[in-house]
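This report refers to the structure that appears directly beneath it.
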């Protein structure tokens, strides 16, 4: 098992699973501190999660992650985010990859 705990999002890799975890308060913090969360005055945040509503906010985040990606209706939002990572890995020529040309 390998764990990565040095960021807000924690990752744990077991023999057969990748587990991702984030505290609800950290998720709300990320939302509040998003570079896009700026009011028209340019100085204040546009909005924040109300006190005591982090779970409701997290449920909405998960619901939206499971929805269709606006960029690709055949993909979920979370799938689209992973696809960006997968593309970089495909282009990396990492030793753990076996390419089509290697099969013949």
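Numbering (this note's numbering), first residue to last: 563 to 666.
Beta carbons: idealized from backbone N, C-alpha and C, even for Gly.
What number of angstroms, rounded off, separates the C-alpha of residue 655 from the C-alpha of residue 619?
-> When only Cα atoms are considered, residue 655 and residue 619 end up about 39 Å apart.
Grouping DSSP H, G and I as helix and E and B as strand, with all else coil, what is residue 651?
-> Annotated three-state conformation of residue 651 is helix, per DSSP.
Could you give the distance in angstroms between the alpha-carbon of residue 606 and the alpha-carbon of residue 612?
-> Answer to the nearest angstrom: the Cα atoms are 16 Å apart.
Keeping to the same chain, check which residues put their C-beta closer than 8 Å to that of residue 564; ignore five residues upstream and five downstream.
-> Excluding positions up to five away in sequence, the list reads 574 and 575.
Which one or two residues does DSSP pair with residue 638 in a beta bridge?
-> Answer by DSSP bridge pairing, in chain order: 630.
Spatially closest choice to residue 567 from 579, 578 and 583, by CA coordinates | When 579, 578 and 583 are compared, the shortest CA-CA separation from residue 567 is found for 583.
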